[in-house]
Amino acid sequence: MLGTLLGLALAVCGAGPAGAMVTLSAVSEDPYTNTDSQHRTQVEPDTFASGNTIVAAFQSGRFTDGGASNVGWATSTDAGATWTAGFLPGTTRFAGGSYARVSDPSVAYDARHGVWLIITLPLGSPGGVLISRSTDGALTWGNPVPVVATGDGLDKPWVACDDTATSPHYGNCYATWDDNADGDRLKVSTSSDGGQTWGAVKETADHQFGLGGQPVVQPGGTVIVPAADGFETSILAFSSSDGGASWSATTTVATADAHPVAGGLRTGPLPSAEVAADGTVYVAWQDCRFRTGCAVNDIVFSTSTDGTTWSTPARVPIDGLSTPTDHFIPGLAVDPATSGTGTHLALTYYYLPEGNCTLATCRLDVGFVSSADSGASWSVPDQVAGPMSLGWLPPTTQGLMVGDYISTSFVAGNPRSVVAVANPKCGATFDEGMYTWTGSGGPIAGRDLPRLPATRRRARPVYRLARA
């Protein structure tokens, strides 16, 4: 039943964790029942915010070998206090569409045209990349339109829009992905009509291969796209200053020295990118360069004002260098109303308190930190969710899954994330859904300033289902 209280689920399915310091609320859960995917599972959320509205999109009903029964969405128009949830129409055969599966959603808002966008990756013939559009504040969604109508082996689409009214390319939206059938080359397409139609597919000037590109748009209209290289051993970036007509060659942000996460978890050094009001681009990823023997991962970040020259990666000091904690899957937010040394940052991430663990002994948590001074200092970390047993997570061919990425967004000046949280299985059935914290969002604090309220974790539904 939708809206089941976590406390009830724990009472039925066995004792569960109560160690987190933040009160959580459920914003969605998997309603599908097809026998060829895993239920109840929801993974890999992205969020985007504009004004008081924040929208999340995520996979629902994960298949072991890739994709999901559908992509779900959850929208709050009151800065995260209440949510309306639903599922995209016209995508898979479970939602009135023709595709077998769908995957990899991300969210954007086109301010010029007043349109919310969710980009998705359909799996099964004819493939391609899809865009779903909403013109009523992300409360209902239309059937998807193609960014590209065909293509097998595409991966990790992302979308971002130019929302600065003074930009020469105001209202342009940019979709990125990589093409495994073409050597994993990075691809881009541009729309100037609110995502209704999309232009010719372009590549970087050096025809680079990569994965997980995340476009961000500076106030002057330049688009910068951080991405992992094809081997996931470095973070790259490329850009366009002419509205997507052409794209630069890639430049190296930094090497990416990632430690394999224990317990068979599915993770990788994919970037999480955001831009401040002054155009400074921040990109974060998981990296073990600061640890002796590369024993566990930290979250590190680098900045750039032009997409070409990048700062030396800095470590987010979540804990000491001698701790055994492994940190991964960062979701970085930058308050788009802040700039310079007063830029507000927020970071949600997953972690294993004991990185040297096994499938049986690993316990997975979600953490949160923030900075009020562009990353010069950071708040004391908060445990947002967990501990979770890895046996509560759905398996995939690449490991146990909460998502290849997560996201954090600033809404009405406060950071908020929607994350995949797993509870004890009910027999053979999973119980992994989408959750957010209650209240106005996490604090923006420098070191030693107050933390989120120290309440025990509980979960209650704060969403209603949209009408079909």
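When you read off a place in the sequence shown, starting at 1, and then add 267, the result is the number in my numbering. Heads up, the beta-carbon is just placed ideally off N, CA and C, and yes, glycines get one too.
Annotation for Met668: no beta strand (DSSP E) segment contains it, and DSSP assigns it neither H nor E. Taking all protein chains in view, the Cβ of Thr300 is surrounded by fewer than 16 other Cβ atoms within 10 Å, so the residue is classified as exposed. Between the stretch 358-369 and the stretch 434-449, the count of Cβ pairs shorter than 8 Å is below three; the stretches do not touch. When the Cα atoms are used, Asn410 and Ile585 turn out to be separated by approximately 42 Å. Taking the C-beta atoms as reference points, Val426 is found nearer than 8 Å to Ser373. Contact between Ser456 and Ala442 holds: CB atoms are separated by about 5 Å, below the 8 Å threshold. The C-beta distance from Ala551 to Pro620 rounds to 20 Å, too long to meet the 8 Å contact threshold. Check the Cα spacing between Pro682 and each of Val548, Ser399, Val601 and Gln485: the tightest is with Val601.
C-alpha of Thr615 to C-alpha of Gln463: approximately 33 Å in a straight line. Per DSSP, reduced to three states, the secondary structure at Arg360 is helical. Here the C-alpha atom of Thr431 lies approximately 37 Å from the C-alpha atom of Asp632. Contact annotation: Gly497 and Gly477 have beta-carbon atoms nearer than 8 Å.
Membership of Pro372 in the beta strand (DSSP E) is indicated by the continuous run Arg368 to Asp377.
In the structure shown, the three-state DSSP call for Leu657 is helix. DSSP places Gly609 in the helix class (H, G or I) of the three-state scheme. Apart from sequence neighbours up to five positions away, the residues of its chain that approach Pro393 with a beta-carbon distance below 7 Å are Ala416 and Thr417, ordered along the chain. Counting C-beta atoms within 10 angstroms of its own C-beta, His474 has fewer than 16 neighbours from the protein chains shown and is therefore classed as exposed. Collapsing the DSSP output to three states places Ala562 in coil. Distances from the CA of Asp593 to each of Cys555, Thr605, Gly560 and Phe568 were compared; the closest alpha carbon is that of Cys555. Contact holds between the stretch 514-527 and the stretch 569-580, because three or more Cβ pairs, one in each stretch, are under 8 Å apart. Counting other Cβ atoms within 10 Å of its Cβ, Cys693 stays below 16 and is therefore classed as exposed. Cβ-Cβ distances below 7 Å link Glu296 to Leu269, Arg307, Gln309 and Gly700 in the same chain, with the five nearest sequence neighbours on each side left out; the list follows chain order. Looking at Leu397, Val412, Ser401 and Cys428, the one whose alpha-carbon comes closest to that of Leu421 is Leu397. As computed with DSSP, Gln475 is found in no beta bridge at all.
The stretch 464-472 makes no contact with the stretch 532-549, as fewer than three CB pairs between them are under 8 Å. Pairing Val548 with Pro312 gives a Cβ-Cβ distance that is not under 8 Å. Where Glu699 is concerned, the enclosing beta strand (DSSP E) starts and stops at Thr696 to Trp704. Per DSSP, reduced to three states, the secondary structure at Asn319 is coil, with no helix or strand assignment.
Within its own chain, the residues whose Cβ lies closer than 6 Å to the Cβ of Thr610, once the five positions on either side in sequence are excluded, are Ala543 and Ser641, listed in chain order. Relative to Met668, the option among Ser644, Gly334 and Gly510 whose CA is nearest is Gly334. Distance between Gly487 and Gly480, taken at the CA atoms: about 20 Å.
Under DSSP, the beta-bridge partners assigned to Thr387 are Leu397. Collapsing the DSSP output to three states places Asn439 in coil.
The straight-line gap separating the alpha-carbon atoms of Tyr437 and Leu388 is approximately 26 Å. For Tyr299, there is no enclosing beta strand (DSSP E), since its DSSP letter is neither H nor E.
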